[in-house]
Amino acid sequence: MSPALSGVMRFSLCPDWLDLTNRETLTADASAGLTVAVMLVPQAMAYAMLAGLPPVVGLYASVVPLLVYAFFGTSRQLAVGPVAMVSLLTATGVGAIAASGTEGYLGAALILAVMVGGIQVAMGVFRLGYLVNFLSHPVLSGFTSAAALIIGSSQLKHVLGVDIPRSHHVHETLRHVWHQLPDANVPTVALGLASVAGLVLLKKYAKRAPGPLLVVGGAMAAVAALDLGAAGVTLVGAVPSGLPAPQLPRWDSTVATELLPIALTISLVAFMESISVAKVFANKHGYRLDPDRELVGLGAANLASAVFGGYAVTGGFSRTAVNDQSGARTPLASVITALGVAGALLFLTPLFAWLPKAVLAAIILVAVAGLVDVEEVRHLWHADKVDLGLLALTFVATLAFGIEQGILAGVGASMVVFVARRTRPHFAVLGRLPGTRVWRNVENFPEARTTPGVLALRLDAAFYFGNVTFLEDTLTRLEEEMDQPLEAVVLDAIAINDLDSSAAHALKGIAAAYSERGVRLMLANVKGPVRLALERNRIDADLGPSNVVLTVCDAMHSLGVACGDSAPLSGDAAA
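FYI, the working numbering numbers position 520 of the sequence shown as 521, with every residue one higher than the one before it.
Below, the structure written as structure tokens:
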């Protein structure tokens, strides 16, 4: 059976969680679902605005996609819907080919959601979830921290009540803000700052309270009571009432081609964000996730979002945390959330006409403030300076050159570091710990004793074409540093799990060169796959069975060097 067909057969329209539902879980899921719905309504509208779309599009993306993910996904707590990062990426990709507020912009956003959904479903069916490993944690941290600043700066125009050109470069936005400060609308600024303060205080002192909803309600009341619309406060205005009718997006191959890079970026970044969040709560509640089914679930949700007038979605951390804290036991909570948002679309849209855009901007600002990962910088400063460099490079590149260029720079730099580490792997000169048969790195164990005339070396990596020259140069350098003429080389292969043809050819050459000089080359701790590679390349015959042994101690015994009280194994047994 082909991988694709096998993958398709693994997904069923009958969700596993139906067996977990009972009266107790129904009550808990209903409470959690309604709580998240109250939080999602203002957030969805805010994130749609961030994406350059009408606020109602965020609500459309918060109904059917949630229902679809509940049937296909494997996380019981993940809250799917619009999120800040995907909204920013959508604005980045779609804004490059169409003007915000136009029909072409909305059409391109729908095409983008289709592409993201199709890519994710294909990745899930063909079990390509491992591709997200190319987004290392330092790169993702640097990217999200820079994106948080870009998102925050993009909302300043709504908080100030001024018109600032859209830009994905923070320095340009801040320059425009500085020049426009004298023209700021005072009631808008006051409303925006009050909203930020209210959200922060409610989050700190009333964590279970629906902060965004309370702030939105208070702001709408203030607008109505004080007639702030007449004072220059920009309002959301009329929002279409009712549920969206399903409709296939109008496909445009030219637009799709231009959107392909950002679609790939969103597919990977969104899945990384979602699976990271889902794993936290799966571990907490003791169940397993299926990454490939998660991809299919998210992809199907995105396809459904496009068909029902929404834009790209994924799982979000804050709403998932609220969903869990509110008692969600199964994806039924997401079904109830979707029904709650649908109810808002049916009955509450007239109220949204009084909603100030400054409040939606405040919701975004507070939500993305936590994306600036200062703690990771502190950790990497002590733990890994190279990874810290990757984080800094991605951060600076994203701010300086843009979203797509930043993440490409980070991924590219990660691959360079990966290759560099593989081509110059860690190695250790081995010495025996006194009174034992244990051989350890002499740099880490000063008491370990080397054997005069014998070089014992451990290579901590697969031996392949990329590090052949490194091993040859290392052997030459270590021999030059020895006090006595080299008589034997013992290569501890315990960490070598692969040997390609180039490395085999090089090893044969090393053995021949040593043999001409009367130097004996021995291999110890050879794993099965490497031993098979030696046999296929006839290196074991060139070395001789007595030179392929089980342990470093066996090699030393064969060289006539004492190694504890143990007796050496025979060459045949070792081979």
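Glycine included, every Cβ here is placed at the ideal spot set by N, Cα and C.
The structure presented is a predicted model; accordingly, all values stated were derived computationally and were not measured.
Outcome for residue i when other beta-carbon atoms lying within 10 angstroms are tallied against a minimum of 16
| i | result |
| --- | --- |
| R77 | buried |
| F72 | buried |
| N186 | buried |
| L249 | exposed |
| V387 | exposed |
| C564 | buried |
| E104 | exposed |
| F348 | exposed |
| S571 | Its pLDDT being 39, under 50, S571 is placed unreliably in this model, and the value from its coordinates should be taken loosely. Flag for S571 reads exposed. |
| A410 | buried |
| R433 | buried |
| G158 | As written in the sequence, residue 158 is Lys, which differs from the Gly given in the question. Classification of K158: buried, given that the 10 Å Cβ count is 16 or more. |
| E377 | buried |
| K358 | buried |
| W606 | One cannot answer for residue 606 here, as it falls past the ends of the chain, which runs 2 to 576. |
| F282 | buried |
| D293 | buried |
| Y206 | exposed |
| M221 | buried |
| A239 | exposed |
| E444 | exposed |
Three-state class that DSSP yields for residue i in the structure shown
| i | result |
| --- | --- |
| T552 | coil |
| N324 | helix |
| T103 | coil |
| L249 | coil |
| G561 | coil |
| F466 | helix |
| L132 | helix |
| R521 | strand |
| R539 | coil |
| V455 | strand |
| R176 | helix |
| L479 | helix |
| L290 | coil |
| L150 | helix |
| Q44 | helix |
| G230 | coil |
| R330 | coil |
| I120 | helix |
| H170 | coil |
| N445 | coil |
| N526 | coil |
| V336 | helix |
| D374 | coil |
| L27 | helix |
| Q485 | coil |
| D474 | helix |
Residue i: first and last residue of the uninterrupted alpha helix (DSSP H) it sits in
| i | result |
| --- | --- |
| N442 | Note, N442: premise wrong, no alpha helix (DSSP H); beta strand (DSSP E) at 440-442. |
| V256 | 254-286 |
| V187 | 187-206 |
| L214 | 212-227 |
| R209 | Run containing R209: none; DSSP gives neither H nor E here. |
| T1 | With the chain covering 2 to 576 only, the question about residue 1 has no answer from this structure. |
| P241 | Neither: P241 is in no alpha helix (DSSP H) and is coded neither H nor E. |
| I98 | It is not in any alpha helix (DSSP H) - I98 carries neither H nor E in the DSSP assignment. |
| F72 | 65-73 |
| V160 | 157-161 |
| L60 | 56-61 |
N- and C-terminal bounds of the beta strand (DSSP E) containing residue i
| i | result |
| --- | --- |
| D493 | 489-493 |
| G317 | 315-317 |
| F428 | 428-433 |
Near the ligand MN: residue i beta-carbon under 7 angstroms from a heavy atom
| i | result |
| --- | --- |
| A62 | In the structure on display, the ligand MN does not appear, and there are no ligands present to speak of. |
Bridge partner(s) assigned by DSSP for residue i
| i | result |
| --- | --- |
| V81 | G316 |
| V460 | Contrary to the premise, residue 460 reads as Leu rather than Val in this sequence. Its beta-bridge partners are F428. |
| L236 | P357 |
| R532 | Its beta-bridge partners do not exist; DSSP assigns none. |
| R450 | R433 |
| L500 | F464 |
Below-8 angstroms beta-carbon distance, residue i vs any chain C residue
| i | result |
| --- | --- |
| L394 | The structure shown contains no chain C, having only a single protein chain. |
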